[in-house]
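Following: one structure in structure tokens, then a few remarks.
There are 2 protein chains.
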Amino acid sequence: MDSKIFNLKSKLEVYKAMTDGGNFADCPVRDVIQGISGKWSSLLVMALAEKPYRFGELRRLVPDISQRMLTQTLHELQRDGYVHREVFPTKPPSVEYSLTDLGRSMFVPLYQLVQWAELNHDAVRDARAVFDASSRA
Amino acid sequence: MDSKIFNLKSKLEVYKAMTDGGNFADCPVRDVIQGISGKWSSLLVMALAEKPYRFGELRRLVPDISQRMLTQTLHELQRDGYVHREVFPTKPPSVEYSLTDLGRSMFVPLYQLVQWAELNHDAVRDARAVFDASSRA
DNA sequence: GGTATCGGTCTCAAAAAGAGACCAGCGCTA
DNA sequence: TAGCGCTGGTCTCTTTTTGAGACCGATACC
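Pasting the structure below:
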């Protein structure tokens with residue numbers, strides 16, 4: 252455990268949490284963050300924050316997700332406790348996905364980040380344009 | 252453009268923003284979110300929020316990132332305008348990475364999310380344990 | 001002359017994701 | 001009654017992404 256992070260006397264307690272006091276690999280905060288930073292996770296949470304959706308509805312709502320990844324991402328979100336899955340015994344059976352209390356709680360800071368993205372996507376797009384122009388030169 | 256999202260009359264403006272009014276594939280907000288939701292992006296931003304770091308320092312600070320992914324992720328963060336890369340003409344040349352104003356601005360909501368993760372990783376761990384136990388049964 | 005540091009790139013293998021066929025069970029319709 | 005579609009998935013195959021590690025030139029140190 253010869254990590255440098257303790258010697259730095261960082262004032263960012265959360266950063267220390269994210270590194271588990273020097274242990275970057277098996278860190279709980281990184282574990283949680285990586286669970287919600289998947290390619291489709293945040294989008295599905297944003298969708299389900301509005302109202303519960305059924306499997307097929309989500310598939311039509313997000314046309315560019317494969318059925319395989321929709322199943323898998325919902326499964327992960329359910330495993331981590333963000334999403335509740337309920338099967339209704341209709342014919343054919345329908346499955347409804349909804350946010351749990353934990354999911355709604357996580358939605359609050361996620362919403363902040365998405366708001367930031369909405370306010371700043373022009374800046375990011377401009378930065379990319381500048382970068383691409385200067386690297387072509 | 253026969254998306255269902257407009258018919259839903261969602262009250263979540265940000266969700267509409269994330270879906271670009273029904274266009275899920277080419278949406279600016281999704282574009283920005285996906286740029287910062289990579290496996291290593293948030294961790295590197297958290298590290299650089301503390302202070303600037305050099306390439307080798309980051310590599311030692313995050314031992315489980317490959318040199319290839321460190322290069323690539325820093326490159327993407329620089330392209331999106333979050334990170335500034337400065338080369339110092341020492342022998343051998345050293346390269347310092349630091350957050351830009353845009354990066355520090357994005358750090359604010361990211362920090363909120365990481366704080367949430369720190370406060371709730373027990374709940375997530377418990378949810379996983381319950382889920383795994385019930386799926387083995 | 002050998003070895004180490006710097007910040008990378010290159011190649012190859014492994015893992016993850018995407019595309020699309022396929023499934024059972026039921027309702028509808030021709 | 002034969003066909004077709006809808007449900008929520010799984011299975012297989014291909015393509016993309018990631019990881020592991022060798023290699024690089026220039027320089028400093030011993």
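So the protein sequences, as listed, match chains A and B. All the letters of the first sequence, read from the start, carry residue numbers 252 to 388 under the working numbering. All the letters of the second sequence, read from the start, carry residue numbers 252 to 388 under the working numbering. All C-beta atoms in this analysis are idealised placements derived from N, C-alpha and C, irrespective of residue type, glycine included.
Coil, strand or helix - residue i by DSSP
{"i": "Val365 (chain B)", "result": "helix"}
{"i": "Val338 (chain A)", "result": "strand"}
{"i": "Ser345 (chain A)", "result": "strand"}
For residue j and residue i, the rounded distance between their alpha carbons
{"i": "Arg355 (chain A)", "j": "Trp367 (chain B)", "result": "12 Å"}
{"i": "Tyr348 (chain A)", "j": "Arg330 (chain A)", "result": "13 Å"}
{"i": "Val296 (chain A)", "j": "Phe358 (chain A)", "result": "7 Å"}
{"i": "Lys302 (chain A)", "j": "Pro340 (chain B)", "result": "56 Å"}
{"i": "Leu312 (chain B)", "j": "Arg319 (chain B)", "result": "15 Å"}
{"i": "Gln363 (chain A)", "j": "Leu353 (chain A)", "result": "16 Å"}
{"i": "Leu361 (chain B)", "j": "Leu350 (chain A)", "result": "21 Å"}
{"i": "Asp383 (chain A)", "j": "Arg336 (chain A)", "result": "44 Å"}
{"i": "Lys342 (chain B)", "j": "Ser292 (chain B)", "result": "29 Å"}
{"i": "Arg418 (chain A)", "j": "Ala300 (chain B)", "result": "One cannot answer for residue 418 (chain A) here, as it falls past the ends of chain A, which runs 252 to 388."}
{"i": "Gly307 (chain B)", "j": "Arg387 (chain B)", "result": "44 Å"}
{"i": "Val338 (chain B)", "j": "Leu370 (chain A)", "result": "31 Å"}
_What are the residues in the segment 346-360 of chain A lying within 8 Å of chain B by C-beta distance?_
Leu353, Ser356, Met357, Val359, Pro360
*Taking three-plus beta-carbon pairs below 8 Å as touching, is the segment 374-382 of chain A in contact with the segment 371-378 of chain B?*
no
*Is there contact here, the segment 283-296 of chain B with the segment 313-333 of chain B, by at least three beta-carbon pairs under 8 Å?*
yes
*Residues in the segment 325-339 of chain A having any Cβ partner in chain B nearer than 9 Å*: Gln329, Arg330, Asp331, Gly332, Tyr333
*If contact means a Cβ-Cβ distance below 9 Å, which residues of the segment 282-300 of chain B contact chain A?*
Asp282, Val283, Ile284, Gln285, Gly286, Ile287, Ser288, Gly289, Lys290, Ser292, Ser293, Leu294, Met297, Ala298, Ala300
*Mind listing which residues of the segment 300-322 of chain B have their C-beta closer than 7 Å to chain A's C-betas, in chain order?*
Ala300, Glu301, Arg311, Leu312, Val313, Pro314, Asp315
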